[in-house]
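Residue numbers (this note's numbering), protein chains in the order written: chain A, 1 to 203; chain B, 1 to 253.
Taking it in order: structure first as structure tokens, then the write-up.
Listed below in structure tokens is the structure:
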């Protein structure tokens, strides 16, 4: 039994050394949505504000990490964090107080693993790639209207951003995706766990 | 006196014919042989530095890695992957033919096919269009005429063929006699107004002449982009698997 315990940390250390020896890309972004109130509403349902005050409505953080474990095995992780401080401030109120928190106010905060998968190139055969985990799966390459790209749901979180690419963003889902390539033709076989609210009923 | 005038005129005519013994089509054929024919590298790998200068003078520097494969008598293939800056790292561009151009957007894990009506759009904010970055070769799309010749260069005028899907109506091309590659090009839009001017510096690497620096100026916008190649490797026997959507999705190391 002791041997098993020794073996596990040893494997863990080897694995970590693999990870750290490969090149890892860290990237991310921080987005702050702020507003200025043009009218006074002291009795609002969620929080009160005076005319001319600023409000931090939404804070978005995106952290990404990508790297290779070996020549043919790579991984990608993306964490998204959302905060809705709903804090207002003016010349007499210190703005950071709203973000850092107020004892009288509950600040909604959400952290999610938006994307996280491992990809194995040349899985069992030179022509096959396997991707396991939370991933977006794209079918077809047509621009704008792509009728075959219908596996993952459209991400409406940023739908009204004036960036045409957001219209094409699809939410990653947990899946097992096996892709077979032959010259310029590829066949994708994807398996997604059923999405339902328990108790699940399949007709 | 009449005889002398006649003789002088005839000698000028004969001299002129002997100077322009080569036709525009022959010059263009030589250019294409250097670019995508027998005299071009079979394949090439290089690091490119792209410097975009806006009309106000602000600079953006981008670095990319490019691979090309020369398929004689067919479309040449090319793949480009951005190495920096970090916000566009791993963005990829694959060209298999004039109708098959793909852009990979790593942010969305998405490969987008460049539709023919988008080909004249800017390539990643530069003064090059997707079409400029596409497959090489002119004779398929343009009628050619030799308009001038001197010791150092030929000057060609290329006019777009009636059904050719190309953004430039007319191209005036200065071809260096030493490298047999374009040294300068003036590109005109559908209204026959000057749109872009490109200047190329060509260098001999081994037995090949290669355009290692291209300066593309958008005359209408008054901006320009310089594309400079370094670490050029030729004839490595690059495999076909590089020029695929599968490779386009892979992270560049």
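C-beta: ideal position from N, C-alpha, C; glycine also.
Quantities reported herein were computed from a predicted structural model and do not represent experimental measurements.
Chain-order list of chain B residues neighbouring residue 181 (chain A): 241, 244, 245, 246, by C-beta distance under 9 Å. About 37 Å separates the CB atoms of residue 81 (chain A) and residue 124 (chain A); that is not less than 8 Å, and the two are not in contact. When only Cα atoms are considered, residue 249 (chain B) and residue 140 (chain A) end up about 14 Å apart. Under the DSSP assignment, residue 113 (chain A) falls in the beta strand (DSSP E) whose first and last residues are 109-120. Taking 8 Å as the CB threshold, residue 169 (chain A) lines the interface with chain B. Around residue 66 (chain A), the beta-carbon contacts reaching into chain B at under 7 Å are 251. A direct Cα-Cα distance of roughly 21 Å separates residue 79 (chain B) from residue 67 (chain A). For residue 216 (chain B), the enclosing beta strand (DSSP E) stretches over residues 208-218. Beta-bridge pairing by DSSP links residue 131 (chain A) to A:119, A:177. In this structure the segment 137-156 of chain A does not lie against the segment 209-223 of chain B, because fewer than three pairs of beta carbons, one per stretch, are closer than 8 Å.
One thing to note: residue 197 (chain B) has its Cβ within 8 Å of the Cβ of residue 219 (chain B). Sequence-distant Cβ neighbours of residue 165 (chain B) in its own chain, meaning closer than 6 Å and more than five residues away, are 116. Burial is judged here by how many other beta carbons sit within 10 angstroms of a residue's own beta carbon; residue 135 (chain B) has at least 16 and is buried. By the Cβ rule, the segment 70-77 of chain B counts as touching the segment 89-102 of chain B, because three or more pairs are nearer than 8 Å.
The contact set of residue 113 (chain B) on chain A, defined by CB atoms closer than 8 Å, consists of 141, 142, 143 in chain order.
Per DSSP, the beta-bridge partners of residue 82 (chain B) are B:64. Within the segment 32-87 of chain A, the runs of beta strand (DSSP E) at least 3 residues long that lie entirely inside it are, in chain order, 54-68, 73-83.
Under the three-state reduction of DSSP, residue 182 (chain A) is assigned to strand. For residue 74 (chain A), same chain residues with a beta-carbon under 6 Å away, outside a window of 5 residues either side, are 68, 119 in chain order. Going by DSSP, residue 102 (chain B) is part of the beta strand (DSSP E) stretching over 101-105. Judged by beta-carbon spacing, residue 156 (chain B) lies within the 8 Å limit of residue 173 (chain B), meaning their Cβ atoms are closer than that value. For residue 138 (chain A) and residue 103 (chain B), the gap between their C-alpha atoms comes out near 14 Å. Boundaries for residue 169 (chain A): no alpha helix (DSSP H) harbours it, and the DSSP string shows neither H nor E there. Judged by pairs of C-beta atoms under 8 Å, the segment 32-39 of chain B does not touch the segment 49-59 of chain B, as fewer than three such pairs exist. Residue 49 (chain B) is bridged by DSSP to B:63, B:228. Scanning its chain for C-beta atoms nearer than 8 Å, with the 5 sequence neighbours on each side dropped, one finds around residue 28 (chain A) the residues 61, 62, 63, 64, in chain order.
Here residue 242 (chain B) is buried: its Cβ has 16 or more other Cβ atoms, across all protein chains shown, within 10 Å.
Residue 102 (chain B) has a beta carbon lying within less than 8 Å of a beta carbon in chain A.
Restricting attention to A:174, A:151, A:131, A:183, the CA atom closest to the CA of residue 193 (chain A) is found in A:174. Spatial neighbours of residue 129 (chain B) in its own chain (CB-CB distance under 7 Å, excluding positions within 5 residues in sequence) are listed in chain order as 119, 120, 121, 122, 123, 167. Against chain B, the CB of residue 136 (chain A) has a partner CB under 8 Å away; the residue lies at that interface. The residue among B:62, B:162, B:107, B:70 with its C-alpha nearest the C-alpha of residue 239 (chain B) is B:70. Contact between residue 76 (chain A) and residue 114 (chain A) does not hold, since the beta-carbon distance rounds to 10 Å and is not under 8 Å. Taking a C-beta distance under 8 Å as the contact criterion, residue 143 (chain A) and residue 113 (chain B) qualify as a contact pair. By the CB criterion at 8 Å, residue 38 (chain A) and residue 51 (chain A) fall inside the cutoff. Against chain A, the CB of residue 212 (chain B) has no partner CB under 8 Å away; the residue lies outside that interface.
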